[in-house]
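Residue numbers (the working numbering): 19 to 214.
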């Protein structure tokens with residue numbers, strides 16, 4: 019199966035010649051990998067999703083796609099008593115051509131779902147007559163894999179999105195950050211009538 023990625027987004031491509039800067043030619047590939055090391059910070063004032071990674075590619079034949087995302091996820095929570103509570107989690111999902119890729123599409127398995135998975139999660143609660151300020155900061159690496167079935171022959175855009183969900187009561191705050199991250203997309207041919 020042939021898969022082509024836009025040269026400008028290929029992680030193995032060298033400098034893009036100036037004649038190709040606006041409209042690079044497609045290059046064949048069996049897998050696509052994109053990565054980033056910049057830190058993407060999310061806080062409670064930013065309710066909109068953020069795009070962590072994006073790639074444009076072409077499938078030359080109908081295919082099924084295995085999509086893997088790995089990244090560092092950090093949560094920062096600050097809670098003050100009495101009766102302070104802070105809940106925070108980061109949800110991550112992938113979109114193919116602007117449509118979320120579900121974790122499962124099989125109705126017998128609860129699908130199709132919204133494709134969102136929790137990458138990091140924390141709840142901190144303080145109940146004390148004394149004023150206590152507790153600040154927690156953690157960072158871990160997490161990974162998840164999605165599958166897209168029967169993707170047609172055309173140019174596609176694949177994006178990894180993330181959103182911080184926060185509930186803070188009393189005195190407190192919550193933030194999240196996604197650090198080093200990698201997206202790998204691999205075209206495969208699964209059995210007919212395959213489901214995720």
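Heads up, the beta-carbon is just placed ideally off N, CA and C, and yes, glycines get one too.
**Prompt:** beta strand (DSSP E) containing residue 174: first to last residue?
**Reply:** 173-206
**Prompt:** Buried or exposed: residue 55, going by 16 or more other Cβ atoms within 10 Å of its Cβ?
**Reply:** Classification for residue 55: exposed.
**Request:** Note down the Cα distance separating residue 192 from residue 200, rounded to an integer number of angstroms.
**Result:** Taking the straight line joining both Cα atoms gives about 25 Å.
**Message:** Pop quiz: residue 84 and residue 163 are said to be a contact at Cβ under 8 Å. What is the actual Cβ separation, rounded to whole angstroms?
**Reply:** 6 Å
**Nonlocal neighbours in the same chain, by C-beta distance under 6 Å from residue 167, ignoring five residues either side** = 82
**Message:** With distance defined between alpha-carbon atoms, name the residue in 190, 180 and 170 nearest to residue 75.
**Reply:** Ranked by Cα distance from residue 75, the first of 190, 180 and 170 is 170.
**Asked** So what's residue 215 in DSSP terms, helix, strand or just coil?
**Response** Only positions 19 to 214 of the chain appear in the structure, and residue 215 is not among them; the question remains open.
**Item:** Straight-line gap, residue 86 to residue 98 (C-alpha atoms, nearest Å)
**Value:** 38 Å
**Request:** Would you kindly work out how many angstroms separate the C-alpha atoms of residue 205 and residue 79, rounded to a whole number?
**Result:** 10 Å
**Other residues of its chain near residue 127: CB distance less than 7 Å, five sequence neighbours each side excluded** = none
**Message:** Tell me the DSSP secondary structure of residue 127 in three-state form.
**Reply:** helix
**Inter-residue spacing [alpha-carbon to alpha-carbon] between residue 160 and residue 137** = 6 Å
**Message:** Short of 6 Å in beta carbon distance, which residues of its chain neighbour residue 89, apart from the five on each side in sequence? Order them along the chain.
**Reply:** 196 and 199
**Request:** Note down the Cα distance separating residue 183 from residue 52, rounded to an integer number of angstroms.
**Result:** 26 Å
**Asked** Is residue 102 closer than 8 Å to residue 165 when the C-beta atoms are compared?
**Response** no
**Request:** Just grab the DSSP bridge partners of residue 160 for me.
**Result:** 89
**Asked** How big is the Cα-Cα spacing for residue 66 and residue 177?
**Response** 15 Å
**Asked** When DSSP labels each residue in this structure, what does residue 69 get in the three-state scheme?
**Response** strand
**Message:** Going by the DSSP bridge assignment, what does residue 61 pair with across the sheet?
**Reply:** Note: residue 61 sits in a beta bridge opposite 193.
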